[in-house]
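Participant: I have a structure I would like to understand better, so I am pasting it below and will then ask my questions one at a time.
There are 2 protein chains.
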Amino acid sequence: MSKQHLDEETLFVVSQTFKALSDPTRIRILNLLCEEEYSVNDIADTLNLSQSSVSHQLRFLKNLRLVKFRREGTTLYYSEDDHHVMNLLKQAIEHATHT
Amino acid sequence: MSKQHLDEETLFVVSQTFKALSDPTRIRILNLLCEEEYSVNDIADTLNLSQSSVSHQLRFLKNLRLVKFRREGTTLYYSEDDHHVMNLLKQAIEHATHT
DNA sequence: TGCATATATGAGCATATACTCATATTATGA
DNA sequence: TCATAATATGAGTATATGCTCATATATGCA
Numbered sequence: 052m053s054k055q056h057l058d059e060e061t062l063f064v065v066s067q068t069f070k071a072l073s074d075p076t077r078i079r080i081l082n083l084l085c086e087e088e089y090s091v092n093d094i095a096d097t098l099n100l101s102q103s104s105v106s107h108q109l110r111f112l113k114n115l116r117l118v119k120f121r122r123e124g125t126t127l128y129y130s131e132d133d134h135h136v137m138n139l140l141k142q143a144i145e146h147a148t149h150t
Numbered sequence: 052m053s054k055q056h057l058d059e060e061t062l063f064v065v066s067q068t069f070k071a072l073s074d075p076t077r078i079r080i081l082n083l084l085c086e087e088e089y090s091v092n093d094i095a096d097t098l099n100l101s102q103s104s105v106s107h108q109l110r111f112l113k114n115l116r117l118v119k120f121r122r123e124g125t126t127l128y129y130s131e132d133d134h135h136v137m138n139l140l141k142q143a144i145e146h147a148t149h150t
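In order, the protein sequences belong to chains A and B.
Sequence positions in the first sequence follow the working numbering and run 52 to 150.
Sequence positions in the second sequence follow the working numbering and run 52 to 150.
See below:
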């Protein structure tokens with residue numbers, strides 16, 4: 052099941068994935084998006100964050116393909132795009148709240 | 052299942068847990084320890100890291116109770132201490148190697 | 001075209017982090 | 001007690017990161 056030696060690429064992908072989940076702001080954003088889609092400003096308002104900060108973090112998450120978006124006029128609605136990673140987050144939250 | 056709002060402490064615990072898993076060196080160390088116990092120098096030799104670096108990272112992981120150790124003379128044998136977090140790591144590795 | 005709204009982006013800054021080097025601590029055995 | 005082996009720790013440094021502020025881009029509409 053688990054490998055004796057981890058190659059460079061696997062190591063990079065895994066560390067980047069967890070890095071995405073290691074920041075409280077990104078966790079809060081992903082925790083919102085796992086329920087339903089949100090616009091950038093809705094995320095900022097809901098979580099009391101600046102528009103710029105949210106946009107920067109969304110770009111980060113989009114680069115890792117953890118979120119996606121659809122356009123409606125000038126508004127972009129973001130939603131989750133990696134069920135597996137979202138599952139890792141949910142497990143960790145479950146674990147943290149049960150201890 | 053998932054909470055609407057994440058309280059400060061949950062957010063902190065979850066982010067710290069993923070931060071532990073977000074560094075390639077720590078991933079390599081944990082990947083070793085999930086198989087069997089290793090001494091500090093064995094880890095350093097196996098992974099080609101300095102003794103100091105390994106010791107610093109082990110302290111980090113020990114503070115989060117992700118690893119534990121037993122003493123045998125002057126040698127400390129480290130092993131995993133959080134099955135759940137190890138499971139998160141294994142899942143991520145599995146996922147990364149299957150894409 | 002011109003203006004308003006929504007979002008993206010770049011620069012700058014303060015903090016966090018992971019490493020190395022040197023040294024301290026701890027336990028063992030002669 | 002002294003020397004050695006294994007590990008821990010502190011200081012210093014280079015890089016990464018997450019934020020803010022200002023500005024750019026893009027879409028819709030009059």
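Cβ coordinates follow ideal geometry from the N, Cα and C atoms, glycine included.
These numbers come from a predicted model, not from an experiment.
(1) In three-state DSSP terms, what is A71 (chain A)?
(2) Using three-state DSSP, classify L84 (chain A) as helix, strand or coil.
(3) Which runs of the beta strand (DSSP E) fall wholly inside the region 117-146 of chain B and span at least 3 residues, in chain order?
(4) Name the residues in the region 60-71 of chain B whose C-beta lies less than 9 angstroms from a C-beta of chain A; which are they?
(5) Listing by chain order, which chain A residues have their CB less than 9 angstroms from the CB of Q142 (chain B)?
(6) Considering only their Cβ atoms, is the gap separating H146 (chain A) from H135 (chain B) smaller than 9 angstroms?
(7) List the DSSP bridge partners of S90 (chain A).
(8) Using the three-state DSSP reduction, which class does H56 (chain B) fall into: helix, strand or coil?
(9) In the structure shown, what three-state DSSP assignment does T148 (chain B) receive?
(10) With N114 (chain A) as the anchor, note down where its alpha helix (DSSP H) starts and where it stops.
(11) Look at the Cβ atom of S130 (chain B), then the Cβ atom of V118 (chain B), and state whether they are nearer than 9 angstroms.
(12) So, are the CB atoms of L140 (chain B) and V65 (chain A) less than 9 angstroms apart?
(13) Quick check: the Cα distance between I78 (chain A) and K70 (chain A), rounded to an integer number of angstroms?
(14) By how many angstroms is the C-alpha of E123 (chain B) removed from the C-alpha of L115 (chain B)?
Facilitator: A quick look at the data gives this:
(1) Note: A71 (chain A) maps to helix in three-state DSSP.
(2) In the displayed model, L84 (chain A) falls within a helix according to three-state DSSP.
(3) Counting only runs of 3 or more, we get 118-123, 126-131.
(4) Flagged, chain order: E60, T61, L62, F63, V64, V65, S66, Q67, T68, F69, K70, A71.
(5) Ordered by position in chain A, the residues that pass the 9 angstroms Cβ test against Q142 (chain B) are H135, N138, L139, Q142.
(6) Judged by beta-carbon spacing, H146 (chain A) lies within the 9 angstroms limit of H135 (chain B), meaning their Cβ atoms are closer than that value.
(7) In DSSP, S90 (chain A) forms a bridge with A:Y128.
(8) H56 (chain B) carries a coil assignment under DSSP once its states are collapsed to helix, strand and coil.
(9) It is helical.
(10) 102-114 is the span of the alpha helix (DSSP H), which, as asked, contains N114 (chain A).
(11) Pairing S130 (chain B) with V118 (chain B) gives a Cβ-Cβ distance under 9 angstroms.
(12) Against a cut-off of 9 angstroms, the Cβ pair of V65 (chain A) and L140 (chain B) comes out as a contact.
(13) Taken atom to atom, the span from the alpha-carbon of I78 (chain A) to that of K70 (chain A) is near 11 angstroms.
(14) One Cα belongs to L115 (chain B), the other to E123 (chain B), and the distance between them is close to 23 angstroms.
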